[in-house]
Structure formats: C-alpha cells, structure tokens
Amino acid sequence: MPLDFSVVSREMNALAALFRPEERARLLREAQRALRTADADKVRVNLAERKERYPWLVAQPIEDGSLGETFLIPPRPAGGYSVAASDGSNIPPDRHSPVQYCILNTSQVVLAYGERPSAALDSTTEMLYGDERLYVEGVPLRGELLGATMAVRELEVLLETARTAPEPRAALLDGTLLLWRIQNQPDNIRTRFTWRFKKALDGFAAEQIPVLSYISFPGSRDLCNALRVALCETDPTRCGDCQSDQRELCEFLGGLRDRELLQGFLSERQRTDLFQSVSDVVKDYGDHAIHFCYMDVGGEIARLEMPRWVAKDGEALEFALSVVLDQCELSSDVPSYPLALMEAHEAAVIHTADRKAVEALMEREFARRGLHYARSGKDRSKRRRGV
Amino acid sequence: MTERLGEIIETNSFFFVAESFTLNRPPALGELVKVPTGAEEWAYAVVTYGETAAIDPGRQPVRRSKADAYDEAVYTEHPELEHLLRTMFTAVLVGQKAGGGPSQRLPDHPPPMHYSVHRCDPFEVTQFVRKLLYLRTLASAQMLTPVEQVLAANLRWTYRALGETGREWLDGAALEVAALLQQDVEKLLGVLYAVDPEA
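Have a look at this one:
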C-alpha cells in the first residue's frame, strides 16, 4: 500500500490535540468584544501616517466609528432583478504533449427574476497556441500567469454578459478582484494584466453595473490585522519586545482568520462595514481601489469585494448585496453559495471526459496529416501503470 | 405541419427515446406519435414511458420549494431549471407509412437519430387504428411500464381522439385485448376496468 495510514492516523491525533477549544473560545470572545469597540479612526490614521509598511495586509477603514459596525442587508429587490455571473476552467499547456496549446472555457450566465423570469447558461471557448499567446513577455503561460489570464478573461466575459442582462442588474464573479497572482511579476507583465483588468472595471463603472466578487470560506486576515493595529500600544512591527497585557490576544489574532473572528459576531443577513484593501496590486487599478466587506450569508461568512464606485454608491451597494444574499438563499444549501455562481461553475467546468476528447481530437488531427503524436515516456508509464 | 413534440436521442428497431420540447409534459402515456423517415414516409409508435431527470447525471435534483413558493412557483424562482432538467419519453414502434395508407408492420429501419417526433392528427389516428394488429405488437414489447397499463392507456387515449366513433372502436379493441390476454385473467381485468368509459 503506497500510503502508510498508521503514520497519518498518529499524526492526526497530534494535530487535533493542538486545538484547545476552551482557550480558543475564551480568546475569541475577547477578540469579538474588542472588535465591537475598536477605534476605526486610529487604524486609518495609523495606516496613513506610517512610513514603514506593516508586514501584513491591514483592512483600511473608510468610515469613523468602531471596526465592529454591522449592517442589515435589505431583502430581495422589489420587482425582481437579474444577475450575471462568470467562472472559468482551462486545459493548461501540457509539457508531456508534442504540441503546446491551452484551452480556456469561460461561462456566461444570466438569471432574471420578477415578472419575466429567464435563464441563459452558456460558455465561450478559446484555444491559445503559438509562442505569442503561450508566452507573456517571454514567460510561459502556466501557474500564476495562467491563473491571472483566467481572472482577466472572466472579468471581461462577465462585462459582455452583464450588458445583455435585463435591468436592474448586478454582476458576480467567483474569487477575488485582487490580481495577487501577478504581484511578484516584473512591471511589464503586471502592466499587461492590470491594463486589461482595469479596462473591464472601467466598463462596469461606465454602464453603472455593480460588480462584486464573492469569496466563499475566505482565508484573509485583513480585519484581524486591523484589530491588532487598533489594540497596539506601541509599534506593531516590534512584537518581540511587547509588554502589553493585550499581547496574548494580539498573538491569538495573528493566527486567526477574518471569517473565524466574524462567525457568531455577525448575525445572518448582516454585513460588516466597508474596508479598503491595501494590497500592492490595487495601486495599478487607478480609480478602482478594491473595497470589501464580510457577510453572514447563512452558515458561512463570505467576503465580497467591489471597486470603489460601488462601495461609494449606497444604492448600487445595497442592491448588489441584496442580490448576493437572495442568490445564496436560492441555493437551498447550507452553507449557502450564490446560485448564479454555482451555475457559472457548472457551465465553465471542463470535465475529464472532455479533456480526453480534446486530446483524442488532437491526436486524430495529427494522424490525418501523417504526423506522429508522441507523448513523453514518463506520461505513458503513468497512464499504463503496468504490473 | 403537425406539432413537434420532441427529438430522438436513442433509437433502434423496436423503440426510440426522445427528449420532450416541454419540460414535465411529455406526450400522454398510450398516445400514438409519428416520426418522419423519408418523403411522405412515417414510422408510428405508442408512448410507453415518460421521465424527468437532471441533464447532467452527476447532478441530482434537490428540494427547491419554500413555504411560500412551491409547485409552479419553484420554476419562477429557479428559471435555470428549464436548462438543467429534461423530460424524456419512450415510444414503442407499431407501424409505418411508406406510400399509400399506414401499415402495422414495423419500419424497415430504426427512425433516424435527432429526428423530430410529431403528434398525429385525428384523421391519421382514425386511419391507423382501423386495424388492431398493433395492439399485439404493443402487448409483446419490452417496456418499463406494466404492459397492461400501457394497453389501457392507449385504448383510453384512442377512444378520446376518435370522438364520436370512439365507443364503437373501443368495443372492438377491448375484444382484441381480451383475445391477447386470455391466458392472464388478472391482467385482462386490469385493462378492462381501466378503459370502461362508464367507470
């Protein structure tokens, strides 16, 4: 047997013992109490005046008051609405294949509710080949670059799709609006991606289509970090010397995720205040600084990201958030997930059978032209798995 | 042009399966339908089974109703269901028309894949059911629905489709079914009770 389950089982016991539920519950209660009264203004001033960057991402408050303000999401827009959604799937270039190509499949979903309910579930398929499309500034299109390409394409397709949706309408994307995948790339590559991303965001703003991205089970810690800044009596970068009696709480927050901090803090249908992301990639977004909030969508805390204009336009924001919540309620699942995004995923996904069919077609096309379609020996041995 | 009811997605010499153009409303059990097989040529079949299921076999239908939105309202609340579910029906081949009037011999070839299934107009029904040999073909066919229920459904449907002449036809058809099922009194009684217009 290739996997030794006795080792896994033993280590799992040790892993589970690391969770100390009573202590964790006490610190979480303390953290949530602190969040309720934490001074948002202190965090904002601190972020603005500080010359040295924080070693972590900190949620930047945009309103005064406490970091723990909560708001109720309004019910489904009266008279109905429509929602456009998009998601993507790909067949990446395969090193073991004799021919290099990449396939992108991006879904286009529109669901309309109200007097004339309707649905359109479709996808658009593109095949990329040739060096100019499989390399970005000399870097091969795989890994993070392929991920970023998908993110840009999904936003562009979402804009095209949302334009066809009946008004009032909102647009929903799965994942983040922060192109973090390219943040460590050289400037020329970053510019190529952010230029297209920003242009799509411009399109949403020009047509006043509120666009949100939805992150299920978010792993971010921006709000926990903001709370640490609010609690800090000295300098948040010199934690080793800290003498504060808040030190235990602060260290606990350092290992906590925002969704954990907010579970039980938010009630169902409630959201947090809006914050601005201080991620480096946002600097290239021009007017579209990414704002976010967290929402209890029923059984889960989700993170919603949006460009600045949506965050600043109270009506557009309320409308878009009520659309998201209604979509979650329509999903009939717990924890819930927006129905339009579920269908967008289903419409985009390239199943194993389709992947195999694409390769078989390619092989046939080669054979028709008298070419030998030779895959690598390593790949062949993995497929045969002879005994 | 007669009404198109669905498109063939599985076909062989004995029966075909078609995807209905209307979700949840396949043609009636026992209904006589037809498929074009050439210029002025048709294959005739009787609907023996209907089913609505998810298009993607990997996705199971889940409960969608709420206290204030159920039955038809589920489809208003979930317009995407029209794209995710499909209704299919199976029809057993019972005859053909290839020049001249209809015959109750099986078609020479399976109806073509992806061809349309049409509704038969009352004149065609009258012409086709003049002979009752097709009931024998139906009674001996393999099907998921109990055969006596399909026979009864066809007799009921034809009786209604024929209008004024229905009663006279039904008497003859009941005698034919009685002859077919004489070895199985329970099944025969089941058909006769199920088709009695006064019951």
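Chains A and B are the protein sequences, given in the same order. Heads up: the first sequence is residues 1 to 387, going by this note's numbering. Heads up: the second sequence is residues 388 to 586, going by this note's numbering. Heads up, the beta-carbon is just placed ideally off N, CA and C, and yes, glycines get one too. The model shown is predicted, which means the values in this text are computed figures rather than measured ones.
What does DSSP give as the partner residues of residue i in its beta bridges?
{"i": "His291 of chain A", "result": "A:Gln276, A:Met306"}
{"i": "Ser213 of chain A", "result": "A:Leu173, A:Glu305"}
{"i": "Tyr285 of chain A", "result": "DSSP lists no partner for Tyr285 of chain A."}
{"i": "Asn90 of chain A", "result": "A:Leu104"}
{"i": "Phe402 of chain B", "result": "B:Val479"}
{"i": "Met348 of chain B", "result": "No information on residue 348 of chain B is available, as it lies outside the stretch 388 to 586 that chain B covers here."}
{"i": "Pro226 of chain A", "result": "It is Ala, not Pro, that sits at residue 226 of chain A in the sequence shown. Answer is none; Ala226 of chain A lacks a bridge partner."}
{"i": "Asp122 of chain A", "result": "A:Gln108"}
{"i": "Lys421 of chain B", "result": "B:Tyr431, B:His505"}
{"i": "Gly437 of chain B", "result": "B:Phe476"}
{"i": "Glu394 of chain B", "result": "B:Glu406, B:Ser503"}
{"i": "Asp39 of chain A", "result": "A:Ser66"}
{"i": "Met127 of chain A", "result": "A:Ile103"}
{"i": "Asp403 of chain A", "result": "Residue 403 of chain A lies beyond the residue range present for chain A, which begins at 1 and ends at 387; the question has no answer from this structure."}
{"i": "Ala485 of chain B", "result": "B:Glu428"}
{"i": "Ala84 of chain A", "result": "A:Val110, A:Ala171"}
{"i": "Ser490 of chain B", "result": "B:Gln483"}
To the nearest angstrom, report how far apart residue i and residue j are at their CA atoms.
{"i": "Ala360 of chain A", "j": "His345 of chain A", "result": "25 Å"}
{"i": "Ser267 of chain A", "j": "Ile301 of chain A", "result": "10 Å"}
{"i": "Arg364 of chain A", "j": "Pro98 of chain A", "result": "13 Å"}
{"i": "Trp556 of chain B", "j": "Thr398 of chain B", "result": "31 Å"}
{"i": "Ser331 of chain A", "j": "Gly314 of chain A", "result": "26 Å"}
{"i": "Val297 of chain A", "j": "Asp273 of chain A", "result": "15 Å"}
{"i": "Leu100 of chain A", "j": "Arg142 of chain A", "result": "It is Gln, not Leu, that sits at residue 100 of chain A in the sequence shown. Cα to Cα, Gln100 of chain A sits roughly 12 Å from Arg142 of chain A."}
{"i": "Ala528 of chain B", "j": "Ile350 of chain A", "result": "40 Å"}
{"i": "Ala456 of chain B", "j": "Glu464 of chain B", "result": "8 Å"}
{"i": "Met12 of chain A", "j": "Leu416 of chain B", "result": "57 Å"}
{"i": "Ser87 of chain A", "j": "Pro413 of chain B", "result": "For the sequence presented, residue 87 of chain A should be read as Asp rather than Ser. One C-alpha to the other measures close to 34 Å."}
{"i": "Arg228 of chain A", "j": "Cys250 of chain A", "result": "6 Å"}
{"i": "Leu392 of chain B", "j": "Thr409 of chain B", "result": "8 Å"}
{"i": "Ala539 of chain B", "j": "Ala426 of chain B", "result": "33 Å"}
{"i": "Leu212 of chain A", "j": "Ala581 of chain B", "result": "58 Å"}
{"i": "Val534 of chain B", "j": "Leu549 of chain B", "result": "22 Å"}
{"i": "Gly577 of chain B", "j": "Asp558 of chain B", "result": "16 Å"}
{"i": "Ser347 of chain A", "j": "Val323 of chain A", "result": "Looking at the sequence itself, residue 347 of chain A is Ala, so the reference to Ser does not match. In a straight line, the C-alpha of Ala347 of chain A is about 20 Å away from that of Val323 of chain A."}
{"i": "Glu394 of chain B", "j": "Phe476 of chain B", "result": "10 Å"}
{"i": "Ser490 of chain B", "j": "Pro509 of chain B", "result": "17 Å"}
{"i": "Leu396 of chain A", "j": "Val278 of chain A", "result": "The requested residue 396 of chain A does not occur in the structure, where chain A is confined to residues 1 to 387."}
{"i": "Ser6 of chain A", "j": "Pro21 of chain A", "result": "26 Å"}
{"i": "Asn90 of chain A", "j": "Val152 of chain A", "result": "13 Å"}
{"i": "Gly286 of chain A", "j": "Ala206 of chain A", "result": "14 Å"}
{"i": "Ile442 of chain B", "j": "Leu562 of chain B", "result": "42 Å"}
{"i": "Leu57 of chain A", "j": "Leu47 of chain A", "result": "11 Å"}
{"i": "Met542 of chain B", "j": "Glu390 of chain B", "result": "Strictly speaking, residue 542 of chain B in this sequence is Leu, with Met absent from that position. Rounded to the nearest angstrom, the two C-alpha atoms are 22 Å apart."}
{"i": "Val564 of chain B", "j": "Leu575 of chain B", "result": "7 Å"}
{"i": "Arg24 of chain A", "j": "Ala171 of chain A", "result": "38 Å"}
{"i": "Ser400 of chain B", "j": "Cys507 of chain B", "result": "20 Å"}
Could you name the residues of chain C that residue i contacts, counting a contact when the two beta carbons are closer than 7 Å?
{"i": "Ala112 of chain A", "result": "This model lacks chain C altogether; the protein chains it does include are A and B."}
Relative to the ligand SAH, is the shortest distance from any of its heavy atoms to the C-beta of residue i smaller than 7 Å?
{"i": "Val349 of chain A", "result": "Here there are no bound small molecules, and the ligand SAH is not part of this structure."}
Inset, instruction - Would you check if there are 3 or more beta carbon pairs closer than 8 Å linking the region 193–213 of chain A to the region 145–157 of chain A? - result: Flag = yes, the region 193–213 of chain A and the region 145–157 of chain A touch.
Inset, instruction - May I ask you to list, following chain order, the residues of the region 117–133 of chain A that have a beta carbon less than 7 Å from some beta carbon of chain B? - result: When C-beta distances to chain B are compared with 7 Å, the residues of the region 117–133 of chain A below that value are Pro117, Ser118, Ala119, Leu121, in chain order.
Legend entry - Cβ-based contacts, 8 Å cut-off: residues of the region 442–455 of chain B near chain A: Those would be Asp443, Arg446, Val449, Arg450, Arg451, in chain order.
Inset, instruction - Mind checking the region 461–475 of chain B against chain A and listing, in chain order, the residues whose C-beta falls within less than 9 Å of any C-beta there? - result: Per Cβ criterion, the list reads Tyr462, Thr463, Glu464, His465, Pro466, Glu467, Leu468, Glu469, His470, Leu471.
Legend entry - Near-chain B residues of the region 310–333 of chain A (beta-carbon distance less than 7 Å), N- to C-terminal order: Of all residues in the region 310–333 of chain A, those with a C-beta nearer than 7 Å to a C-beta of chain B are Leu330, Ser332, reading in chain order.
Legend entry - Length at least 4, wholly inside the region 443–475 of chain B: the alpha helix (DSSP H) runs in chain order: Entirely contained in the region 443–475 of chain B, the alpha helix (DSSP H) runs reaching 4 residues are, in chain order, 459–464, 468–471.
Legend entry - Segments of 3+ residues assigned as beta strand (DSSP E) that fall wholly inside the region 55–82 of chain A: Unbroken beta strand (DSSP E) stretches of 3 residues or longer found wholly inside the region 55–82 of chain A: 70–72, given in chain order.
Legend entry - Whole alpha helix (DSSP H) elements within the region 236–278 of chain A, 4-residue minimum: If only uninterrupted alpha helix (DSSP H) runs of at least 4 residues are considered, those enclosed by the region 236–278 of chain A are 247–254, 258–262.
Inset, instruction - Check whether the region 74–89 of chain A touches the region 162–171 of chain A, counting contact only when three or more Cβ pairs, one atom from each stretch, lie closer than 8 Å. - result: In this structure the region 74–89 of chain A lies against the region 162–171 of chain A, because at least three pairs of beta carbons, one per stretch, are closer than 8 Å.
Inset, instruction - Report yes or no: do the region 321–328 of chain A and the region 444–454 of chain B share at least 3 C-beta pairs separated by less than 8 Å? - result: Touching, no, given that fewer than three Cβ pairs across the two stretches are closer than 8 Å.
Inset, instruction - Give, in chain order, every residue of the region 342–355 of chain A whose Cβ lies closer than 7 Å to some Cβ of chain B. - result: Glu343: these are the residues of the region 342–355 of chain A whose beta carbon lies less than 7 Å from some beta carbon of chain B, given in chain order.
Inset, instruction - Give a yes or no on contact between the region 67–80 of chain A and the region 121–132 of chain A, applying the rule of three or more CB pairs nearer than 8 Å. - result: With the cut-off at 8 Å, the region 67–80 of chain A and the region 121–132 of chain A do not touch.
Inset, instruction - Mind listing, in chain order, the continuous alpha helix (DSSP H) runs of no fewer than 4 residues lying wholly within the region 129–170 of chain A? - result: If you keep only unbroken alpha helix (DSSP H) runs of at least 4 residues inside the region 129–170 of chain A, you get 131–134, 144–163.
Legend entry - the region 438–451 of chain B in contact with the region 490–501 of chain B per 3-pair CB rule at 8 Å: Judged by Cβ distances under 8 Å, the region 438–451 of chain B makes no contact with the region 490–501 of chain B, as fewer than three pairs qualify.
Inset, instruction - Determine contact between the region 37–44 of chain A and the region 254–261 of chain A, defined as no fewer than three beta-carbon pairs at a distance below 8 Å. - result: Touching, no.
Inset, instruction - Examine the Cβ distances between the region 131–146 of chain A and the region 180–199 of chain A and report whether three or more of them are shorter than 8 Å. - result: Touching, per the Cβ criterion.
Legend entry - Contact the region 125–144 of chain A vs the region 107–115 of chain A: 3+ CB pairs below 8 Å: Too few Cβ pairs lie closer than 8 Å, so no.
Inset, instruction - Evaluate the contact criterion for the region 477–485 of chain B versus the region 514–530 of chain B: three or more CB pairs, one atom per stretch, below 8 Å. - result: Using a C-beta cut-off of 8 Å, the region 477–485 of chain B makes contact with the region 514–530 of chain B, since at least three inter-stretch Cβ pairs fall below that distance.
Inset, instruction - Evaluate the contact criterion for the region 217–234 of chain A versus the region 51–70 of chain A: three or more CB pairs, one atom per stretch, below 8 Å. - result: The region 217–234 of chain A, when compared against the region 51–70 of chain A, does touch it at the 8 Å Cβ threshold.
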